[in-house]
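Residues in the sequence shown are numbered from 33 upward in steps of one, following my numbering.
For each residue, glycine too, the CB sits at the ideal point set by N, CA and C.
Structure record follows, encoded as structure tokens.
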Amino acid sequence: MSTEQKGGQKTAVSSLEPAKGKLGVMVVGLGAVSTTMIAGVEAVRRGLAKPIGSLTQMGTIRLGKRTDNQSPLIKDFVPLADLNDVVFTGWDIFEDNVYEAAAHAAVLDKETLAKLKPYLETIRPMPAVFDQYYVKRLNGTHVKKGKTKRELADQVIEDIRAFKKTVDRVVMIWTGSTEIFLEPSAVHQSIENFEKGLLANDPGIAPSQIYAYAALSEGVPFANGAPNLTVDIPAMICLSKKNAAPICGKDFKTGQTFMKTVLAPAFKARMLGVSGWFSTNILGNRDGEVLDDPESFKTKEESKLGSLEYIFQPELYPDLYKDIYHKIRINYYPPRGDDKEAWDNIDIFGWLGYPMQVKVNFLCRDSILAAPIALDLVLFLDLAKRAPELRSIGIQEWLSFYLKSPQTAEGLYPEHDLFIQSMKLKNTLRHIMGEELITHLGLEYYD
Ligand SMILES: NC(=O)c1ccc[n+]([C@@H]2O[C@H](COP(=O)([O-])OP(=O)(O)OC[C@H]3O[C@@H](n4cnc5c(N)ncnc54)[C@H](O)[C@@H]3O)[C@@H](O)[C@H]2O)c1
Numbered sequence: 033m034s035t036e037q038k039g040g041q042k043t044a045v046s047s048l049e050p051a052k053g054k055l056g057v058m059v060v061g062l063g064a065v066s067t068t069m070i071a072g073v074e075a076v077r078r079g080l081a082k083p084i085g086s087l088t089q090m091g092t093i094r095l096g097k098r099t100d101n102q103s104p105l106i107k108d109f110v111p112l113a114d115l116n117d118v119v120f121t122g123w124d125i126f127e128d129n130v131y132e133a134a135a136h137a138a139v140l141d142k143e144t145l146a147k148l149k150p151y152l153e154t155i156r157p158m159p160a161v162f163d164q165y166y167v168k169r170l171n172g173t174h175v176k177k178g179k180t181k182r183e184l185a186d187q188v189i190e191d192i193r194a195f196k197k198t199v200d201r202v203v204m205i206w207t208g209s210t211e212i213f214l215e216p217s218a219v220h221q222s223i224e225n226f227e228k229g230l231l232a233n234d235p236g237i238a239p240s241q242i243y244a245y246a247a248l249s250e251g252v253p254f255a256n257g258a259p260n261l262t263v264d265i266p267a268m269i270c271l272s273k274k275n276a277a278p279i280c281g282k283d284f285k286t287g288q289t290f291m292k293t294v295l296a297p298a299f300k301a302r303m304l305g306v307s308g309w310f311s312t313n314i315l316g317n318r319d320g321e322v323l324d325d326p327e328s329f330k331t332k333e334e335s336k337l338g339s340l341e342y343i344f345q346p347e348l349y350p351d352l353y354k355d356i357y358h359k360i361r362i363n364y365y366p367p368r369g370d371d372k373e374a375w376d377n378i379d380i381f382g383w384l385g386y387p388m389q390v391k392v393n394f395l396c397r398d399s400i401l402a403a404p405i406a407l408d409l410v411l412f413l414d415l416a417k418r419a420p421e422l423r424s425i426g427i428q429e430w431l432s433f434y435l436k437s438p439q440t441a442e443g444l445y446p447e448h449d450l451f452i453q454s455m456k457l458k459n460t461l462r463h464i465m466g467e468e469l470i471t472h473l474g475l476e477y478y479d
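Here it is as structure tokens:
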């Protein structure tokens with residue numbers, strides 16, 4: 033990759049493929065988050081609303097020096113798929129079309145949905161790969177049948193191949209439910225073991241992994257909005273690299289963890305100690321109902337607990353963070369629907385150990401926060417697939433910005449600090465476009 037000067041402008045000369053033609057998005061799980069994303073994309077396409085919360089649609093990126101005054105929109109700087117070229121399809125264990133599913137989720141108001149109804153009704157789910165053993169609180173009827181997990185994977189591969197005939201490129205995203213907590217086992221250690229496990233119906237292989245296997249086998253990038261183990265295993269990382277199908281970590285970073293990864297770096301930057309962090313939530317959507325099952329909650333809890341440990345680095349700062357009591361509670365409370373309420377009580381201490389408290393009360397809308405993240409992940413994964421430098425590296429760590437559980441190369445600790453993640457994301461975009469990276473050193477202004 034190189035850059036050249038053209039009319040005073042730096043022009044990237046790269047082998048990044050353009051975003052030509054249609055981008056097909058295969059959505060696993062047509063629930064609250066995904067229907068809000070799909071309806072939102074259509075509302076934006078029709079000029080009914082703005083894509084607020086989406087970095088790909090609204091964000092800018094500074095190029096060159098602060099005095100250069102050059103901050104194009106990200107979507108004008110890198111070749112992202114245009115929203116008008118995005119085509120959706122998906123799977124669910126219920127037969128509801130996207131209009132019906134969105135109405136059931138009740139995130140968007142009836143008026144907005146009515147305007148979008150003719151379009152949303154056209155998206156009908158394909159039968160899903162599902163097994164209640166992995167999501168105890170759901171019982172779906174719109175499911176694929178097969179004697180082995182291999183047969184089910186082959187059916188998903190057929191779905192992907194059929195969809196590929198109608199579009200130019202494909203990305204898959206899991207917006208399905210949180211599955212029970214699974215630990216990596218022998219079946220996850222290599223592609224060979226995994227494929228044997230598919231034939232043997234190994235219980236270590238969850239439905240989300242059958243979709244991911246199908247996607248990665250077909251060279252289709254895969255994002256995971258839930259905390260499920262899914263691609264966080266050597267077999268999937270190998271498959272991702274082998275077939276140039278990018279992956280990127282798991283679990284949308286939306287509400288409480290989003291706030292945690294903003295506040296914790298601030299306390300650490302100022303060397304303020306933390307003795308306790310108690311987080312509790314109430315939510316009443318289907319996600320809340322699924323998380324009411326202890327086995328699904330355990331998966332979510334693990335994903336949420338990680339961030340503070342990594343940000344505070346207690347091994348480097350034992351006086352400040354060695355004894356943090358970190359507790360997370362999620363309570364299913366139907367009256368609130370998708371309107372979650374989260375409370376954080378943070379016990380901090382300062383100069384000479386004097387204690388203080390910070391209280392955060394976040395009244396958020398879960399799916400309104402998650403929908404733009406799902407969209408950005410899809411668009412950036414499609415970009416990664418077209419970027420020669422990124423497509424075959426497997427894990428796209430630069431997308432950690434969006435996720436509660438970033439995925440990293442073996443031996444690397446994950447970076448959870450939102451602002452470091454944001455810098456990494458933007459520098460990756462500058463890098464693939466042949467632009468200079470921004471370090472924020474800034475000494476040149478004082479020469
Ligand atoms: N909303 C947020 O802020 C947020 C944040 C982080 C993570 N998440 C995760 O995103 C996921 C989706 O959240 P949601 O609020 O849309 O949940 P939801 O319950 O409304 O939607 C999930 C959908 O997936 C379907 N499903 C379950 N298993 C499936 C399978 N094997 N194949 C196909 N479809 C399947 C369900 O029928 C349902 O329609 C959850 O795992 C949730 O934990 C959400």
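At what residues does the beta strand (DSSP E) containing E373 begin and finish?
For E373, the enclosing beta strand (DSSP E) has its first and last residue at D371 to F381.
8 Å Cβ shell around G40 - same chain, five flanking residues per side excluded:
Because G40 carries a pLDDT of 37, less than 50, the predicted location of this residue cannot be relied on, and the following value inherits that uncertainty. So no residue of the chain qualifies.
For E224, count neighbouring Cβ atoms within 10 angstroms of its own Cβ and tell me buried if that reaches 16, exposed if not.
exposed
What residue from D376, S339 and F109 has the CA that sits closest to T460's CA?
F109
Enumerate in chain order the residues of its own chain whose CB-to-CB distance from A81 is below 6 Å, with the five nearest sequence positions on each side excluded.
A75
Should I125 be counted as a contact of ligand 1 given a C-beta to heavy atom distance under 6 Å?
yes
Hey, quick one: how far does the beta strand (DSSP E) through L360 stretch, first residue to last?
Strictly speaking, residue 360 in this sequence is Ile, with Leu absent from that position. I360 -> beta strand (DSSP E) spans Y357 to Y364.
So the candidates are G257, Q221 and L170; which of them puts its Cα closest to the Cα of A403?
Ranking the options by Cα distance to A403, first place goes to G257.
In the DSSP assignment, the beta strand (DSSP E) including I314 goes from what residue to what residue?
G305 to L315
Give, in chain order, every unbroken run of the alpha helix (DSSP H) that is at least 4 residues long and sits entirely within the segment 150-197.
181-196
Give the straight-line distance between the Cα atoms of L409 and I205, rounded to the nearest whole angstrom.
8 Å
Do you know how far the Cα of L230 is from the Cα of Q164?
17 Å
Starting from the C-beta of W430, find all residues in its chain whose C-beta is less than 6 Å away, skip the five residues before and the five after it, and write them out in chain order.
K456, L457 and T460
In this structure, what does DSSP give as the bridge partners for D124?
P159
When DSSP labels each residue in this structure, what does L473 get in the three-state scheme?
coil
When the Cα of Y364 is compared with those of S66, K372 and Y357, which residue comes out closest?
K372
Please state whether DSSP places Q221 in a helix, a strand or coil.
coil
Give the secondary structure of S432 by DSSP, where H, G and I count as helix, E and B as strand, and everything else as coil.
helix
Classification of K285 by the beta-carbon crowding that lies within 10 angstroms, buried from 16 upward
buried
Only counting the same chain, and skipping five residues up and downstream in sequence, which positions put a Cβ closer than 7 Å to that of L401?
G85, T286 and G287
Compare the beta carbon distance of V306 and L450 with 7 Å and say whether it is the shorter of the two.
No. Outside cutoff.
Going by DSSP in three states, K513 sits in which element: helix, strand or coil?
Lying before the first or after the last residue shown, residue 513 is absent from the chain, which here runs from 33 to 479.
When the Cβ atoms of the segment 231-250 are set against those of the segment 268-279, are three or more pairs found closer than 8 Å?
yes
Taking 6 Å as the cut-off, is the beta-carbon of T331 closer than that to any non-hydrogen atom of ligand 1?
no
Any heavy atom of ligand 1 closer than 6 Å to the Cβ of V263?
no
G320 Cβ short of 6 Å to ligand 1 heavy atom set:
no
Here's the rule I'm using: 16 or more other beta-carbon atoms within 10 Å means buried, otherwise exposed. How should L469 be labelled?
exposed
Just the Cα atoms here: how many angstroms apart are T99 and I93?
14 Å
Which word fits M388, buried or exposed, when buried means at least 16 other C-beta atoms lie within 10 angstroms of its C-beta?
exposed
Between the segment 114-124 and the segment 337-348, can you find at least three pairs of beta-carbon atoms closer than 8 Å?
Under the 8 Å Cβ criterion, the segment 337-348 does not count as touching the segment 114-124, having fewer than three qualifying pairs.
Which residue's Cα is closest to the Cα of A146: P159, D264 and E132?
E132
Helix, strand or coil for A255 per DSSP?
A255 falls in the strand class under three-state DSSP.
Counted within 10 angstroms of its Cβ, other Cβ atoms place T173 as buried (16 or more) or exposed:
exposed
Option in P50, T67 and K52 with minimal Cα separation from M58:
T67
Just to confirm the assignment, what range does the beta strand (DSSP E) spanning D408 have?
Bounds of any beta strand (DSSP E) do not take in D408; it lies within the alpha helix (DSSP H) bounded by D398 to R418.
Check whether the Cβ atoms of V65 and T207 sit closer than 7 Å, and answer yes or no.
yes
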